[in-house]
Amino acid sequence: YEGNISESIVNGGFTITIYEPNLWSPDSPNLYYIKIFSNLPESKDELQYESYFGIRQIEVSGIYVYLNKKRFYFKGICIKTTLKHFFYNRTYY
Numbered sequence: 001y002e003g004n005i006s007e008s009i010v011n012g013g014f015t016i017t018i019y020e021p022n023l024w025s026p027d028s029p030n031l032y033y034i035k036i037f038s039n040l041p042e043s044k045d046e047l048q049y050e051s052y053f054g055i056r057q058i059e060v061s062g063i064y065v066y067l068n069k070k071r072f073y074f075k076g077i078c079i080k081t082t083l084k085h086f087f088y089n090r091t092y093y
């Protein structure tokens, strides 16, 4: 999308609609690039902002986490120590 805002505004906002976006996930890390700039008549400098962003949906239902409407499994290790018993309680996925 490319467009112009013709009015001079100090505070404001805008909306961009992305139809059928490519959703971000660890297996498919789709990112979008955005570049916003402003050329104010009273300013000698052009203001510019650039960034990358991803679009995703996160939902928690009961004990399950869903990423983009698919059940998500976290990968990692959780090691808990108990000083009273001096042993490791290991949890692996």
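For the sequence shown, position 4 matches number 4 in the UniProt record's numbering, and the numbering has no gaps at all.
Backbone N, C-alpha and C define an ideal beta-carbon position, used for all residues, glycine too.
Under three-state DSSP, which class holds residue i?
i	result
residue 53	strand
residue 29	strand
residue 20	coil
residue 74	coil
residue 69	coil
residue 37	strand
Roughly how many angstroms separate the alpha carbons of residue i and residue j, rounded to a whole number?
i	j	result
residue 18	residue 74	28 angstroms
residue 72	residue 26	10 angstroms
residue 28	residue 22	9 angstroms
residue 14	residue 56	20 angstroms
residue 64	residue 20	25 angstroms
residue 62	residue 68	16 angstroms
residue 70	residue 58	9 angstroms
Could you name the residues of the same chain whose beta carbon sits closer than 8 angstroms to that of residue i, not counting the 5 residues immediately before and after it, in chain order?
i	result
residue 37	46, 47, 48 and 49
residue 60	66
What residues in its chain sit with their C-beta under 6 angstroms from that of residue i, if we drop five residues either side in the sequence?
i	result
residue 54	24 and 31
residue 34	51
Drop a sphere of 10 angstroms on the beta-carbon of residue i, count the other beta-carbons inside from all chains shown, and report buried for 16 or more, exposed for fewer.
i	result
residue 92	Bear in mind that a pLDDT of 49 at residue 92, under 50, signals an unreliable position, so the model cannot answer this.
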